[in-house]
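Numbering follows full-length UniProt numbering, in which position 14 of the sequence shown is assigned residue number 14; successive positions increment by one, without gaps. A virtual CB, placed ideally from N, CA and C, is assigned to each residue, including glycine. Treat the numbers as computed from the prediction; the structure is a model and nothing was measured.
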Amino acid sequence: MSPFPSSDQPAESTAGQFDPAQYQMSDSVGYLMQRAKNMLAHGVEQEVSSLDITHAQASCLMMLATGRASTVTDLGRELNTDMGSVTRLLSRMEKRGLIERRRRDADRRVVDLSVTPQGQELVEQLPAIFCKVLSHHFRGFSEDELLALRSMLRRVIDNNSG
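What follows is the structure in structure tokens.
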């Protein structure tokens, strides 16, 4: 059973906006969000390559360093990626000395992750890189437009949480 309301009964505020008869992929909000996300990710990928890491590794380091994630499960949820992919990514990061894994004493099934001093050196460089990419991709946007975009994206996320 679908977690979404029946498509023949759109929400009142979106009635008519998501009409299958009028659907054009190139104008779809989902398609445009995915294209924008891919362009941002590609920009970050290019910039972090000078640090010899990937965009995914940079994202993991930032999530761990800021407390947004502390386990493989947390990272999988935040990155919307399967645990196997996250585990392989973390193995590469651990081999490079960027992160450490420690099993919890209370529950040996849970592995806590932390950033090493070597990883922290990279973390300190990442905000400037992310901001450089964002500045490029959002040039010409006003502060109010960026605030509105953040608010709308949070609403999309909130509509799909829990």
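Compute the Euclidean distance between the alpha carbons of Asp144 and Leu153, then round it to the nearest angstrom. 14 Å
Boundaries of the beta strand (DSSP E) in which Asp112 is found, first to last residue: 111-115
Throw me the rounded Cβ distance for the Ser114 and Leu64 pair, which I believe falls under 8 Å. Contact flag correct, Cβ pair sits at about 7 Å.
Cross-strand partners of Thr71 (DSSP beta bridge): Asp112
CA-to-CA distance, Phe130 to Leu90, given in whole angstroms: 21 Å
Within 8 Å, strictly: CB atoms of Arg101 and Val86: Not in contact: Arg101 and Val86 (Cβ atoms no closer than 8 Å).
Grouping DSSP H, G and I as helix and E and B as strand, with all else coil, what is Arg139? coil
Quick check on Glu100: does DSSP put it in helix, strand or coil? strand
So what does DSSP say about Asn38, is it helix, strand or coil? helix
Inter-residue Cα distance where the pair is Tyr31 and Gln24: 10 Å
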